[in-house]
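Asker: Before we start, here is the structure in question, set down as C-alpha cells.
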Amino acid sequence: MLRLGRHDFADDRLLVMAIVNRTRDSFYDKGATYAEDAALDRVRQVVEQGAEIVDIGGVKAGPGEVVDLDEELRRTVGFVARVREEFPGLVISVDTWRHEVGHAVCEAGADLLNDAWGGHDPQLMEAAAQHHAAYVCTHTNGATPRQAPHRATYADVVRAAIDDTVALANRALAVGVARESLLIDPAHDFEKTTWHSLEVTRRLDEMVATGWPVLVSLSNKDFVGEALDLPAGERLVGTLAATSIAAWHGARVFRVHNVVETRQTLDMVASIRGDRPPANATRALA
Amino acid sequence: MSLPYPYEAPSPHGVQMTAFVPMTPLLFRHLSGQSDPLAELRAEAVEAVRTACRGMEQVLVLCPVGGREAPGEWHDPSRARPVQGAPRSLAEQVGEHLLELAGVETPASYLECTDGEVDFAGLLDPRVTSALVVLGDGAAARSQAAPGHIDDRSFPYDDAVAAALAAGDATALAELAARPEAAELLVTGRHTWPVAARLRPRLTGPGGLVHCSDPFGLTYFVARW
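Chains as they are written, first to last, in full-length UniProt numbering: chain D, 1 to 286; chain Z, 1 to 225.
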C-alpha cells in the first residue's frame with residue numbers, strides 16, 4: 001500500500017501526478033498557470049481528466065527568475081489551502097526544496113513533499129515526518145538547486161540513482177517518515193545527460209527491484225527532445241513511449257503535463273500486463 | 001435407438017420444463033472486461049434456467065456441435081495454460097456456467113447435437129421429472145461486424161424463430177432448423193432446436209419468448225417452455 005498523506009492506494013494502482021506550476025518561466029507551460037485562478041482552473045481540469053495527484057510548484061526547476069523564500073511561500077501556501085478546500089479527495093504534492101515551505105504547505109493541507117533537489121535541505125524530510133506527509137527521494141547527485149547539469153559522469157548512473165535515493169529513503173525513515181509514504185525518483189535530466197536518462201529508463205526495473213515505489217518525471221523533458229530532435233511542445237509521443245517503458249518496468253507514479261494521454265497510456269500498459277481488464281471487450285466474442 | 005430428423009415418434013416421458021438460452025461466451029461476465037453489455041440477457045437466461053430446473057430430478061443440456069478448439073477454457077481464455085481433461089465445447093461450458101449462476105444442483109448431463117442423428121435411448125430416465133436447457137443462437141448475419149456480415153434473410157428467419165418460441169410451436173421450430181439457410185446464416189440453434197422439439201413437443205404452461213435481441217448482429221433468444 002502507498003500512503004500519500006490522507007490517501008491510501010493499492011500497490012497495483014498507477015497514479016498520475018499532474019504538474020501545476022505557479023511560475024512565470026517553466027519550460028513547458030511558460031507561465032500559463034502562474035496566476036492563482038488559472039492554476040486553480042488547471043487543477044479542476046486535471047482532476048476531471050483523472051489525475052490522482054497535483055504537484056504544485058512555485059519555482060522553475062532550471063535556472064531563471066529568482067524566487068526567494070517569501071515569494072515561494074506566497075505562490076504556494078494559500079493556493080494549497082484553496083485546492084485542499086475544493087478537492088478534499090485529491091492528493092496535493094508540493095515541489096520544493098525548502099523546509100520552511102514544506103512546513104507551511106503541509107499546514108495548509110499538502111499530502112506529499114516532492115523534494116526535487118534530493119535532500120539539499122535536510123530539514124525538508126523532517127517537515128514531512130512532522131506532518132505525516134509523504135516524501136519523494138530524488139537522485140540529483142548532490143546538485144545545487146536550479147543548477148544546470150554540465151558534463152555529468154557516473155561509473156553506473158543506475159547504481160548511483162539507486163544508492164542515493166535508497167540512502168535518502170533510509171534517512172527519511174530514520175527521521176520518522178512512514179515507510180509506506182516514501183517514493184524514489186531517478187530524476188530524468190537532473191544532473192544527467194540524455195544518455196544517462198535513456199539508460200535510467202531502460203533499466204528502471206533495477207530501481208523498482210529495490211522495493212521502494214518509483215516515481216518518474218519524464219514529461220516533455222530534454223532527453224525526449226534530444227532523442228527525437230524535437231522542441232518542448234512536440235515531445236508528447238516520445239514522453240508516452242518512455243512512460244510505457246517505465247510503467248512496464250513497474251514505476252508507480254507519473255509526473256506529467258498531459259493527463260489524458262498519460263492516463264490512456266497507463267491504462268493500456270496495465271491491460272497488457274493483465275492488471276486491468278479491457279474497458280469493453282466484445283470483439284469476436286458475440 | 002436412433003431417430004432421423006424430423007422426429008415423429010411420441011414424446012418421451014418426463015420432460016417438464018425447457019429453457020432456451022444463448023451460447024455467447026459473453027455470458028461469462030469477465031470476458032467483456034469492465035463493461036457488461038449483456039447483463040440483462042444473462043439475468044434473463046439465468047432466470048429461465050432456474051425456473052426450468054426448479055424441482056426437477058434430472059437436467060439435460062443440449063449443446064450445438066463444435067467449439068472444442070482452442071482456447072478450450074472460456075473462464076480464462078488469454079492464458080496459455082493447458083486445458084485440464086477432455087476439451088469441452090463452448091456451449092457445454094456456457095450451459096454449465098448458467099446452471100452454476102442459477103444455483104442448480106441437480107445433476108446435469110450434456111448432449112452434443114449435430115445435424116445428423118441423436119440416440120435417444122437412455123437419454124433421459126422417463127420415470128423422473130426432467131428439465132431441458134437448450135443452447136443455441138439465431139442468425140449471425142445481421143450487421144456489418146456480425147460473424148456472417150449481412151444477409152437479409154436473417155431478419156425474417158429470426159422473426160419466425162421468435163414467433164415459434166413465443167408460441168411454443170415445436171413443429172415450426174424444427175422446420176426452421178431444417179431449412180438450408182439455417183446453416184448459411186450460421187444459426188447454431190439449428191442443431192439443438194429439433195432435439196428439443198422432439199423431447200418436448202409443446203408449450204404446456206406459462207412461458208414463451210422472454211428475450212430477443214441482436215446487439216452484435218447475432219440474435220440471442222431466451223424462451224421458457
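Cβ coordinates follow ideal geometry from the N, Cα and C atoms, glycine included.
Is the beta carbon of Ala161/D sitting closer than 8 Å to the one on His139/D?
Answerer: It is a contact, given that the beta carbons lie within the stated cut-off.
Asker: Using a Cβ cut-off of 8 Å, pull out every chain D residue sitting near Ala37/Z, in sequence order please.
Answerer: Just to set this straight, residue 37/Z is Pro in the shown sequence, not Ala. Neighbours of Pro37/Z on chain D, chain order: Asn280, Thr282.
Asker: Assuming Ala131/Z and Val59/Z form a contact by the criterion Cβ under 8 Å, report the distance between their Cβ atoms to the nearest whole angstrom.
Answerer: Ala131/Z to Val59/Z, Cβ: 5 Å. Contact.
Asker: Where do the N-terminal and C-terminal ends of the alpha helix (DSSP H) with Ala166/Z fall, by residue?
Answerer: Looking at the DSSP string, the run of the alpha helix (DSSP H) that includes Ala166/Z is 154-167.
Asker: Are the beta-carbon atoms belonging to Ala48/Z and Val161/Z less than 8 Å from one another?
Answerer: Not in contact: Ala48/Z and Val161/Z (Cβ atoms no closer than 8 Å).
Asker: Within the stretch 235-260 of chain D, note down every full alpha helix (DSSP H) run reaching 4 residues or more, in order along the chain.
Answerer: You should have 236-249.
Asker: Which whole-angstrom value describes the C-beta separation of residue 289/D and Ala134/D, a residue pair presumed to lie in contact below a C-beta threshold of 8 Å?
Answerer: In the structure as shown, chain D starts at 1 and stops at 286, and residue 289/D therefore has no counterpart that could be examined.
Asker: Identify the continuous beta strand (DSSP E) that holds Glu96/Z and give its terminal residues.
Answerer: Counting along the chain, Glu96/Z falls outside any beta strand (DSSP E), though it belongs to the alpha helix (DSSP H) covering 90-101.
Asker: Taking the alpha helix (DSSP H) that His196/D falls in, what are its first and last residues?
Answerer: Start and end: 194-202.
Asker: Taking a cut of 8 Å between CB atoms, which residues from the stretch 10-34 of chain Z lie near chain D?
Answerer: So the close ones are Thr24, Pro25, Leu26, His30, Leu31, Ser32, Gly33, Gln34.
Asker: Report the residue from Gly138/Z, Ala108/Z, Ala139/Z whose alpha carbon sits nearest the alpha carbon of Asp125/Z.
Answerer: Cα-wise, what sits closest to Asp125/Z is Ala108/Z.
Asker: Per the contact definition of three or more C-beta pairs closer than 8 Å, is the stretch 95-102 of chain Z in contact with the stretch 164-171 of chain Z?
Answerer: Verdict: no, contact absent.
Asker: Could you name the residues of the same chain whose beta carbon sits closer than 8 Å to that of Thr106/Z, not counting the 5 residues immediately before and after it, in chain order?
Answerer: The residues are Cys53, Met56, Glu57, Gln58, Val59, Ala131.
Asker: My guess is that Tyr34/D and Ala232/D are in contact by the Cβ rule of under 8 Å, so how many angstroms apart are they, rounded?
Answerer: With 8 Å as the limit, Tyr34/D and Ala232/D do not qualify as a contact, their Cβ atoms being about 17 Å apart.
Asker: Going by DSSP, what residues sit across from Ile53/D in a beta bridge?
Answerer: According to DSSP, Ile53/D bridges with Met17/D, Val91/D.
Asker: Does Phe216/Z get closer than 8 Å to chain D when you measure Cβ to Cβ?
Answerer: Phe216/Z counts as touching chain D.
Asker: What residues from the stretch 141-172 of chain Z come within 8 Å of chain D, judged by C-beta to C-beta, listed N to C?
Answerer: So the list reads Ala146, Pro147, given in the order they occur along the chain.
Asker: Taking all protein chains shown into account, do 16 or more other C-beta atoms lie within 10 angstroms of the C-beta of Asp11/D, making it buried, or fewer, making it exposed?
Answerer: Classification of Asp11/D: exposed, given that the 10 Å Cβ count is below 16.
Asker: Would a C-beta distance cut-off of 8 Å place Val94/D and Leu113/D closer than the cut-off?
Answerer: Cβ distance < 8 Å, so Val94/D and Leu113/D count as in contact.
Asker: Using a Cβ cut-off of 8 Å (strictly closer), state whether Leu14/D contacts chain Z.
Answerer: With 8 Å as the cut-off, Leu14/D does not count as an interface residue toward chain Z.
Asker: Any beta-carbon of chain Z closer than 8 Å to the one on Ala167/D?
Answerer: It does not; no Cβ of chain Z falls within 8 Å.
Asker: Do you know offhand how far Ala45/Z's Cα is from Ala86/Z's?
Answerer: Taking the straight line from one Cα to the other gives about 26 Å.
Asker: Just the Cα atoms here: how many angstroms apart are Ala227/D and Val256/D?
Answerer: Cα-Cα distance, rounded: 18 Å.
Asker: For Thr165/D, I'd like the list of residues in its chain whose CB is within less than 6 Å of its CB, leaving aside the five on either flank, ordered along the chain.
Answerer: Excluding sequence neighbours, Thr165/D sits near Cys137, His139, Ile184.
Asker: Is Leu285/D close to chain Z? Criterion is C-beta to C-beta, closer than 8 Å.
Answerer: Yes, Leu285/D lies at the interface with chain Z (some Cβ there is under 8 Å from its Cβ).
Asker: Considering only the alpha carbon of each residue, which of Gln34/Z, Leu31/Z, Phe221/Z, Leu41/Z lies closest to Ala164/Z?
Answerer: Ranking Gln34/Z, Leu31/Z, Phe221/Z, Leu41/Z by Cα distance to Ala164/Z puts Phe221/Z first.
Asker: Is the beta carbon of Val105/D closer than 8 Å to that of Thr144/D?
Answerer: Their beta carbons are not under 8 Å apart, which means Thr144/D does not touch Val105/D by this criterion.
Asker: For Met1/Z, which residues from the same chain have a beta carbon less than 8 Å from its beta carbon, with the 5 sequence-adjacent residues on both sides left out?
Answerer: Here Met1/Z scores only 34 on pLDDT, less than 50, and its place in the model should not be relied on; the value that follows carries that caveat. Contacts found: Asp119, Phe120, Ala121.
Asker: Please identify the residue among Arg283/D, Leu40/D, His7/D, Ala284/D whose C-alpha is closest to the C-alpha of Val80/D.
Answerer: For the residues Arg283/D, Leu40/D, His7/D, Ala284/D, the minimum Cα distance to Val80/D belongs to Leu40/D.
Asker: Using DSSP with H/G/I as helix, E/B as strand and the rest coil, what is Glu112/Z?
Answerer: In the structure shown, Glu112/Z sits in a strand (DSSP, three-state: E or B).
Asker: Would you identify the three-state DSSP class for Arg190/Z, choosing helix, strand or coil?
Answerer: It is helical.
Asker: Suppose you measure from the CA of Thr262/D to the CA of Val16/D; what does that come to, to the nearest Å?
Answerer: The straight-line gap from Cα to Cα measures roughly 7 Å.
Asker: How long is the line joining the alpha carbons of Leu173/Z and Leu199/Z, rounded to whole angstroms?
Answerer: Leu173/Z and Leu199/Z: Cα-Cα distance of roughly 13 Å.
Asker: May I ask which residues mark the beginning and end of the alpha helix (DSSP H) holding Pro147/Z?
Answerer: Run containing Pro147/Z: none; DSSP gives neither H nor E here.
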